[in-house]
Each structure stands twice: as C-alpha cells, then as structure tokens.
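Using this note's numbering, the letters of the sequence shown correspond one by one to residues 1229 to 1604.
All C-beta atoms in this analysis are idealised placements derived from N, C-alpha and C, irrespective of residue type, glycine included.
Below is one structure; the comments refer to it alone.
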Amino acid sequence: MSESERNERRRVVAMVGNPTSDKGRGAKVDAQVLGLLEEAGRAHNFDVIDITGTSFDDSLNQARERAHEYDYLVVVGGDGMIALGANAVGCSGKPLGIVATGSGNDFARGLKLPVNRIETAVEGIVGAIVRGSHIDVDMGRVTSLDGGYAVDPSTGEEYEYQESKSAEHPIDRYYAGMLSCGLDASINDRANHSHLPTGTMRYFAAVLVELTHMKRYGYHIKATLADGTTDERDIITPLLTIANSRHIGGGIEVSPYSCFSDGLLDLVWMDHVPNFGECAVAISNAYNGKLLASKVFGWKRIREIEVTRAAEGDEPPVLMADGEYIGHLPFRVVAEDCALRVLVPPAVAAREVDSRQEVLDVIARDGRDPVTGQFA
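The structure is reproduced here in structure tokens:
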C-alpha cells in the first residue's frame, strides 16, 4: 500500500483483551477500553476493531492473520498480553499500545507507562497515535534446539503429540521482559496459582516458599558475549534468567543493569546456593536495584545463547517468559535489536527510557566490570 493510499483511508486500531482474567472481571475492563478507544476514534478519525479470541493462541492467531486490517494493535492486561502483542507485531514496525491492568505489569513499569490507570493509559495511546510518538525497544527471541518443545502458554500443559514433541510444537517466541529458566520460573508458576489479592503479594509469598526448597538445576550454556567472545560452561544453579527488562513479579529487580535499547540481553544466575544470611540480603535488595551487588549472583551481557542440559544437576522446570509458559530446553535465545515499536505519550518518547550512562554508574557502584561481569 502506497503512502498516499494509507493517508486517504481511516486508520484502524485493533484491540485484544483478556476477558477471562481476574475471574472474568477482565471482560468489563475490555469493554471500558473498547468504549474509550471508539470515542477517541470518532474525535480523531480512526476506526476500532475488537479481535479478541477465545484463548491466548487464538487471539495471537487473530492478531497475526488480520494484521493487514489494522495499523495499530492495543493489548489490555498484564505481561502475558504484552507477550501476545510482541509476538503479533514484533519486527513488523507496526506499533503496539499497552493498557496495563494485570497483576505484574513489569514491562509497562519499566517503560514508565501507566499501571492500572485505564483512562490515563488510553489517553496516552490516543495521544501517541495522533502525534505519531513511539519508542523502539529490544526483544528476545527463543527457539527450540533439537529436543526442545513448546507447551500451552496459558497452562503450561503439554500438547498432544503424534510423533515428535520437538517437530510437532517447536518453540519460536519473542519476549519483551525475561525468560525465566529456574527458580524464577518456579516462583512465577507458584504465583500464577496463588489466591492472594495482588500480584506483588503473590510473588513475594512465592519467593518465600520457593527459597525454602531450592534445587540445583543443570544447564550447559554457550553464550556470545557483548564483546563477541564466547563463554561455554556448565552452570549448576537454582536460578538462570535471560533478561531484556529489569523487573519481574510486580517490581522485583532481578536484572537491574538491563537496558531496553542496547541490543543486548542480560544473563543472570545464582553462583551458588545462598545461605540464610545471603537469602535475607537478597530479599532486602530485591526492590532497590542492588540485587547484583551480591556475589551470590553472576551476570554477563550477551548477544545470543544456547542452553542445553548439563550432565549434572536437577531437571529444569518449564520455561516462562512475560508470565506465559514457553516450553522445555534445549533452546537458543537471540537479542533482537529495537524490534518492538511501542506507542508512548510524546513526553515519554522525548526522554530516554533508560540511560546507558546511569546503568554504567550503577554497575560501577556495585563493583563489577561492565565487560566481563566480574567483581573488581
């Protein structure tokens, strides 16, 4: 379609909601957002369509198959819905609008977007559409290696397979926040099944429970680091995370050195099983950006990584990313530089979401080398 043809027709905003979230109350939120968008569309000359499906996979398929019908995609919900949006429009240049109403909202929090403020979020999206303001952020892309396979993203249950799990349902997913591979995935899974009222409470309670019976999972990693060198080794650890954003679990800063637009991912792991005192310090630093100041944690900046099963250690749990279940290793992750375009208000677009110099200052504060990740 030519630029003149695009300018002649009315723009179209597609919305994907999550009506089953929050015990069905998500449907009311979806209706409110749809109404606000339709009202704004009448004022600013754009149409709105609701392409919400019956499940995560159905909504994702709808968003992909009907991509030619819309110019902007708006998702309503938590980090799982952002994962849906990222996989629908990632690497396409088509902008994604976020109405963050979930339990975690970690990606939106990192971008300094409104959280659980529906009218403010919609106003920001409409302002971004009218003024053409956006930012481009990195994503991670995880694909299965031979033997790895996907699971149902909403439940974590295995699909029905005919011959080969890997061949029938290979992993091929983008994620905007973190790929959780160990203790962090177990915490996420426990929080998903919690009946506590808020996301922060669910995750904090899950952290306390999981820390009491940590396992030592066995990973073999082969990573291309930021400087182009290769690091290959076994890591036997309770926790392994491949992060694009800083937060998980409603504000826990697992990866405080992450930048949204540096073209890199951050590999974070536990160097050893912490004792009681080290656990107490880690919990106290989980919300203040100082988690990686502890020698309990290893950290490296990476461009890509392959993760397979080590000969030693426990079997890792189901991988999770952005609150959704992904699948089982082995897998490969690649950093996709500025692959996701996000609608943000002009004031947000005008400022740096995360300053690389500020991150370097934090790394120096914690006594780490920014290239090797080692403590000075």
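Quick check on the DSSP output: the alpha helix (DSSP H) that includes residue i runs from which residue to which?
{"i": "V1358", "result": "I1346 to R1359"}
{"i": "G1505", "result": "F1504 to S1512"}
{"i": "A1577", "result": "P1574 to A1577"}
{"i": "R1593", "result": "R1584 to R1593"}
For residue i, which residues in the same chain have their Cβ closer than 6 Å to its Cβ, ignoring the five residues on either side in sequence?
{"i": "A1514", "result": "I1480"}
{"i": "Y1387", "result": "H1397"}
{"i": "E1460", "result": "K1450"}
{"i": "G1352", "result": "P1573"}
{"i": "A1349", "result": "V1327 and P1342"}
{"i": "A1454", "result": "L1492 and R1529"}
Output needed for residue i: all residues of its chain with C-beta closer than 7 Å, excluding positions within five of it in sequence on either side, in chain order.
{"i": "R1337", "result": "V1343, H1475 and G1479"}
{"i": "D1597", "result": "A1604"}
{"i": "S1232", "result": "At S1232, the pLDDT of 48 sits below 50, so the modelled position is not reliable; the number obtained from the coordinates is stated separately. Excluding positions up to five away in sequence, the list is empty."}
{"i": "N1315", "result": "L1288, R1401 and Y1402"}
{"i": "R1430", "result": "S1331, A1419, S1422 and L1424"}
Report yes if the CB atom of residue i is closer than 7 Å to the CB atom of residue j, and no otherwise.
{"i": "L1571", "j": "H1362", "result": "yes"}
{"i": "D1299", "j": "R1239", "result": "yes"}
{"i": "D1499", "j": "S1483", "result": "no"}
{"i": "L1265", "j": "L1301", "result": "no"}
{"i": "F1274", "j": "V1241", "result": "yes"}
{"i": "R1529", "j": "L1588", "result": "no"}
{"i": "D1366", "j": "D1565", "result": "yes"}
{"i": "Y1485", "j": "L1468", "result": "no"}
{"i": "A1413", "j": "P1545", "result": "yes"}
{"i": "Y1377", "j": "G1595", "result": "no"}
{"i": "A1268", "j": "V1354", "result": "yes"}
{"i": "I1470", "j": "L1547", "result": "no"}
{"i": "L1520", "j": "W1527", "result": "yes"}
{"i": "Y1445", "j": "G1410", "result": "yes"}
{"i": "I1464", "j": "E1543", "result": "no"}
{"i": "R1369", "j": "V1562", "result": "yes"}
{"i": "D1258", "j": "V1304", "result": "yes"}
{"i": "V1496", "j": "M1442", "result": "no"}
{"i": "D1490", "j": "A1538", "result": "no"}
Residue i and residue j look like a contact to me (Cβ under 8 Å); what is the Cβ gap, rounded to whole Å?
{"i": "A1295", "j": "Y1403", "result": "So it is not a contact: roughly 20 Å between Cβ atoms."}
{"i": "E1552", "j": "G1313", "result": "With 8 Å as the limit, E1552 and G1313 do not qualify as a contact, their Cβ atoms being about 12 Å apart."}
{"i": "I1399", "j": "F1559", "result": "6 Å"}
{"i": "S1473", "j": "F1335", "result": "6 Å"}
{"i": "L1373", "j": "E1532", "result": "Not quite, the Cβ-Cβ distance comes to about 12 Å (not below 8 Å), so this is no contact."}
Looking at the unbroken beta strand (DSSP E) that takes in residue i, where does it start and where does it end?
{"i": "K1535", "result": "Here residue 1535 is Val; the residue named in the question, Lys, does not match the sequence. F1525 to R1537 is the span of the beta strand (DSSP E), which, as asked, contains V1535."}
{"i": "A1567", "result": "F1559 to L1571"}
{"i": "G1555", "result": "E1552 to H1556"}
{"i": "D1462", "result": "T1458 to T1465"}
Return the chain-ordered list of same chain residues with a C-beta closer than 8 Å to the C-beta of residue i, the five sequence neighbours on each side being excluded.
{"i": "V1437", "result": "R1418"}
{"i": "I1346", "result": "V1257, Q1260, V1261, L1264, V1327 and T1329"}
{"i": "C1507", "result": "L1439"}
For a test of your reading of the model: does the CB of residue i fall under 6 Å from any non-hydrogen atom of the ligand HEM? Yes or no.
{"i": "V1587", "result": "This structure does not include the ligand HEM; it has no bound ligands of any sort."}
Report task. Give, in chain order, every unbroken run of the alpha helix (DSSP H) that is at least 4 residues long and sits entirely within the segment 1261-1342. Result -> You should have 1284-1293, 1307-1317 and 1334-1338.
Query raised in the report: What are the uninterrupted segments assigned as alpha helix (DSSP H) that are 4 or more residues long and contained completely in the segment 1363-1448, given in chain order?
Result: You should have 1393-1396, 1411-1420 and 1427-1439.
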